[in-house]
DNA sequence: GATGAATGAGCATTCATTCAT
DNA sequence: GATGAATGAATGCTCATTCAT
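Residue numbers (the working numbering), protein chains in the order written: chain A, 1 to 203; chain B, 1 to 203; chain C, 1 to 203; chain D, 1 to 203.
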């Protein structure tokens, strides 16, 4: 019998290693060999788990999507009030720390580039950035609409408002990455969501 | 002097060509030869004007910075009232169309990646993303502070507020690039700035 | 002893599988893993029976030699008359069908290449193409000489004549492989041997 | 202005180098770098002239076809009598020496393999072995039919006879390659064609 | 014996850059 | 200045072989 290996665990280990290198060096500059080293295995072994560099990339993309999405849902579920729900959702969107993906955050702009291009060239749905936005708009929009029904929020365009929240979230990420030491991601987000809600609340 | 002008013109032509290819194919996938073709010259000639692919990149980065900055300044200068100034500044930030850089927008995420990484690795200031943010914070912050002095805006953290505006701007770009056909960049920005200003204005 | 038999049977099974794949995909393009799959075993197991891909190749070579040789001998033994013997030998040489090696025939040119090169480089006798020719020349030459003694065949160079027969046989193979559908191997061979014998028979 | 280079000449130089290496080492074992070295250039330069190893192969194939074909035509044109024409054609078919391709001959079995496989897999016409046979059948068949009309040759199947001649030619090659030192290709061919013509000539 | 996970040497190909003309 | 031929370092990926279980 061959060595018994938890293939799923190993696969995730490689993926994690890859994400770190992607983040640190950029996708194009990432060598498969470096990924292997980081994962503590030989070059060839990576290919036992992932067909190609591209597949590794796709998986990284998915990994982030899934985990971020799940965090947002979970945090929103903790609250009943639309106001709190919305706030929790937005803050979770930006709470990369809780995902233990601190050193992986920088992969985002690369994935954005990749996602945008992929779509334009291949129409490859596996990488559709927009899908993410659609999902989040749904999530945040739900809270917004509830708030409007309850009369807590004024009549606003829920789609536009959720888009704005996501936009701010992404933008804050960017500024944080541009200057991690001095830019306080969490605080900026909190300040913003307060301001934002003041803007949409009745009263 | 005509010599000099010609040289500058040709250099810009190459730069423009490069930006288009960078945008369309991504930086890593862009071949110097393709740039040359697009610029209507021979491969070797690119090197008469730019030392390396990296310099071409730096120049592209600068080109965008300078032009966007100048547009924002100019638009803000057209108004006196802090409220209008702020609005004009934000909308200009997002008005890529006026820069005739429509087909170049997609270069942004790539430049973001590059800028972030450059800083972390080389500490290369030529690519400091943060510089841009500092500049814009200055610009928008000026209008905000003026408004607070005038009692138009409530007492808020000007730095945080400008950051939020830039964040939203960048984020809107992203959503627009992810789905150009259905996402209305201009309208989203306008809706947002109204909402935002409602949040900071004194009654 | 059943152990021994099983082992031999399995070995042949693998060899047969290998030959099929060699024939279908070419030697260089044949992966050990594919061979294993075809044989219904795991990759590593192939190595329990064959030291290396090269050994597999050698064995395939031998397998063909031995089986073809044996067929030719057997068919020739069925006749007494030199004329019939010669004809039977030539037709057997070309009767790949009877060897149940129809789908393996295409391996021949590969083995020829291999054999020729092997000799020039390593002087490896295990692969000596020429050995085959020497054997067949012996076999066919025997019938020819007998025929000359009997006065059935004119005085000819037996070596040259057997060479010619083998040459034609190999060549017909080639044409058949190049166009299996339209080239009738058997008929071509029969027509040829008649013609050939007319050339060497005394009136 | 760039270095002036006779691209066609250089291309042929590379092709010749490649053919030599293909012949000596076998196609699969041939490294592009070795080809480059043999041609006295750098690895990358090969790719300036040939898109890929496969293209190099195709070109080698064509090169042989064209040159062999032209030699045969030329030699046959030197004679009027069908008998001489046929003999000249056959001997030219086998006269690799006159093509200055002595050290390239061994490439043939590899090309045969390749050609046969190519056809079965891709249906790639660029490599159709059969095309060659069709051409030669035409050429030799012409002389045969003329001879039959003239009553020099008996009524035989021209197609079958030309096939047989080509078969013998290819087969002699093979034996010669298997044992260059002892096998006299030219003499074998001459002996054979005499014998063959004796078989088809009317008394 | 059998397995299949792991390995790493090996190779085709790309492309930024150089430089002779 | 402009050109494009030449270069060779760099890299993704393959696959024969090994070996722990």
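By construction, the Cβ of each residue, glycine as well, lies at the ideal position given by its N, Cα and C atoms.
From a predicted model like this one, the values you see are computed outputs, not experimental measurements.
Quick check on residue i: does DSSP put it in helix, strand or coil?
{"i": "residue 51 of chain D", "result": "coil"}
{"i": "residue 201 of chain C", "result": "strand"}
{"i": "residue 183 of chain B", "result": "coil"}
{"i": "residue 150 of chain C", "result": "coil"}
{"i": "residue 105 of chain C", "result": "coil"}
{"i": "residue 194 of chain A", "result": "helix"}
{"i": "residue 6 of chain A", "result": "coil"}
{"i": "residue 20 of chain A", "result": "helix"}
{"i": "residue 13 of chain B", "result": "helix"}
Which word fits residue i, buried or exposed, when buried means at least 16 other C-beta atoms lie within 10 angstroms of its C-beta?
{"i": "residue 30 of chain C", "result": "buried"}
{"i": "residue 52 of chain A", "result": "exposed"}
{"i": "residue 74 of chain D", "result": "exposed"}
{"i": "residue 187 of chain B", "result": "exposed"}
{"i": "residue 130 of chain C", "result": "buried"}
{"i": "residue 155 of chain D", "result": "exposed"}
{"i": "residue 204 of chain A", "result": "Absent from the model: residue 204 of chain A. The displayed extent of chain A is 1 to 203, so no value can be given."}
{"i": "residue 43 of chain B", "result": "exposed"}
{"i": "residue 6 of chain A", "result": "exposed"}
{"i": "residue 205 of chain C", "result": "Residue numbering for chain C in the displayed model covers 1 to 203; residue 205 of chain C lies beyond these limits and cannot be assessed."}
{"i": "residue 117 of chain A", "result": "buried"}
{"i": "residue 70 of chain C", "result": "exposed"}
{"i": "residue 40 of chain D", "result": "exposed"}
{"i": "residue 169 of chain A", "result": "buried"}
{"i": "residue 151 of chain A", "result": "exposed"}
{"i": "residue 137 of chain A", "result": "buried"}
{"i": "residue 72 of chain C", "result": "buried"}
{"i": "residue 60 of chain C", "result": "buried"}
{"i": "residue 161 of chain C", "result": "buried"}
{"i": "residue 9 of chain A", "result": "exposed"}
{"i": "residue 87 of chain C", "result": "buried"}
Could you please give the first and the last residue of the uninterrupted alpha helix (DSSP H) stretch that includes residue i?
{"i": "residue 27 of chain D", "result": "First-last for residue 27 of chain D: undefined, no H or E at that position."}
{"i": "residue 96 of chain D", "result": "It is not in any alpha helix (DSSP H) - residue 96 of chain D carries neither H nor E in the DSSP assignment."}
{"i": "residue 127 of chain D", "result": "Segment: none, residue 127 of chain D is in no alpha helix (DSSP H) and carries neither H nor E."}
{"i": "residue 157 of chain D", "result": "Neither: residue 157 of chain D is in no alpha helix (DSSP H) and is coded neither H nor E."}
Item to check | Entirely enclosed alpha helix (DSSP H) segments - the stretch 38-86 of chain B, minimum 4 residues | outcome: 43-49 and 53-77
Item to check | Cβ contact check for the stretch 74-84 of chain C and the stretch 145-165 of chain C: 3 or more pairs under 8 angstroms | outcome: Counting Cβ pairs under 8 angstroms, three or more are found: they touch.
Checklist entry - Would you say the stretch 8-18 of chain A touches the stretch 41-52 of chain A, given that touching needs at least three Cβ pairs under 8 angstroms? => result yes
Next on the checklist: Assess contact between the stretch 87-107 of chain B and the stretch 94-110 of chain A, defined as three or more Cβ pairs (one per stretch) separated by less than 8 angstroms. Is contact present?
Outcome noted: no
Checklist entry - Below 8 angstroms, can you find three or more Cβ-Cβ pairs linking the stretch 19-30 of chain C to the stretch 172-180 of chain B? => result Contact fails: fewer than three Cβ-Cβ distances are below 8 angstroms.
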